[in-house]
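Position one of the sequence shown corresponds to residue 57 (the numbering used here), numbered consecutively onward.
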Amino acid sequence: MPKLKIFDSESFSFPIGNKKIIFANNKGQQTYIKNRMDRMLTKEPETIKWINNFETDSVFFDIGANIGIYSLYSAVVKGNTVYAFEPHASSYKNLLDSINLNNLTKCHAYSVAISDKVDLSTINVKNMHEGVANNVVGTKGEYYHGCTEFSLNFLIERKILPQPDYIKIDVDGFEDKVVEGGMNIFKKTKSILIEVDNKNINYLTMIEAL
């Protein structure tokens, strides 16, 4: 888990070759934003390598986007179309601000939990600081807020969203629900990257076209 820190800058900039990614900051407030940004290339190098192989005209779904580390990286570096899904209210708001700062017209963010059903639900949140992890959809705790659940099958079979070429799933113990609600879509997807939390050990698994 990254550490909470306070910075007085309005935003942060991360150079990638001759490009840069700008991350919005909540000035003067504790956040996890800069810590996440600083580890963008090193925390999950497999994910960065995976995104680097995307085609420019591809469609990428980032499920459990948090503040959009990989959504923004894909949109800026590859210039492809990105759909980011993040139900945590504060992280979602920060992601929207960063999309605006980078002038990304093909990066779209939704405050939606991808699931196995359509429902008005809840998300148990550790806190309301931007970039926090371990928020679990469909549960309540000492602090929680409402969220909307949709399945990939529902969204894509009804042509609300396009068929994705690539899907990243990082949803803090909710992976089975995302998979159950997206099996029809996975059959047409080129590659899927899933982060699985097994007894506090995180690992990535990649599934090529089914």
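The beta carbon of each residue, even a glycine, is placed where N, CA and C say it ideally should be.
Please read all numbers here as calculations on a predicted model, not as lab measurements.
Item	Value
Quick check on DSSP: helix, strand or coil for residue 97?	coil
Quick check on residue 242: does DSSP put it in helix, strand or coil?	helix
By the three-class DSSP mapping on this structure, what secondary structure does residue 137 have?	strand
Quick check on DSSP: helix, strand or coil for residue 131?	helix
Quick one: grab the DSSP three-state call for residue 178.	strand
Throw me the rounded Cβ distance for the residue 123 and residue 186 pair, which I believe falls under 8 angstroms.	6 angstroms
Excluding sequence positions up to five away, which residues of its chain have a Cβ less than 7 angstroms from the Cβ of residue 208?	170, 237, 238 and 241
Helix, strand or coil, according to DSSP, for residue 79 in the structure here?	strand
Please work out which residues of its chain come closer than 8 angstroms, Cβ to Cβ, to residue 136, disregarding the five sequence neighbours upstream and downstream, and give them in chain order.	110, 111, 112, 113, 114, 115, 116, 130 and 162
For residue 75, does the count of other Cβ atoms within 10 angstroms reach 16, so buried, or fall short, so exposed?	exposed
On the CB-based measure, 16 or more other CB atoms within 10 Å of its CB, does residue 90 come out buried or exposed?	buried
Considering only the beta carbon of each residue, do residue 78 and residue 158 sit closer than 9 angstroms?	yes
Along the chain, where does the alpha helix (DSSP H) containing residue 149 start, and where does it finish?	145-157
What residues match up with residue 201 in a beta bridge as DSSP calls it?	179
Where do the ends of the alpha helix (DSSP H) carrying residue 224 lie?	Where residue 224 is concerned, there is no enclosing alpha helix (DSSP H), although the beta strand (DSSP E) it sits in stretches over 222-225.
Suppose the cutoff is 7 angstroms on Cβ atoms and the five residues either side in sequence are ignored; what does the same chain contact list for residue 346 look like?	Not covered by the structure: residue 346. The range shown for the chain is 57 to 266.
Between the Cα of residue 164 and the Cα atoms of 153, 174 and 184, which residue gives the shortest distance?	153
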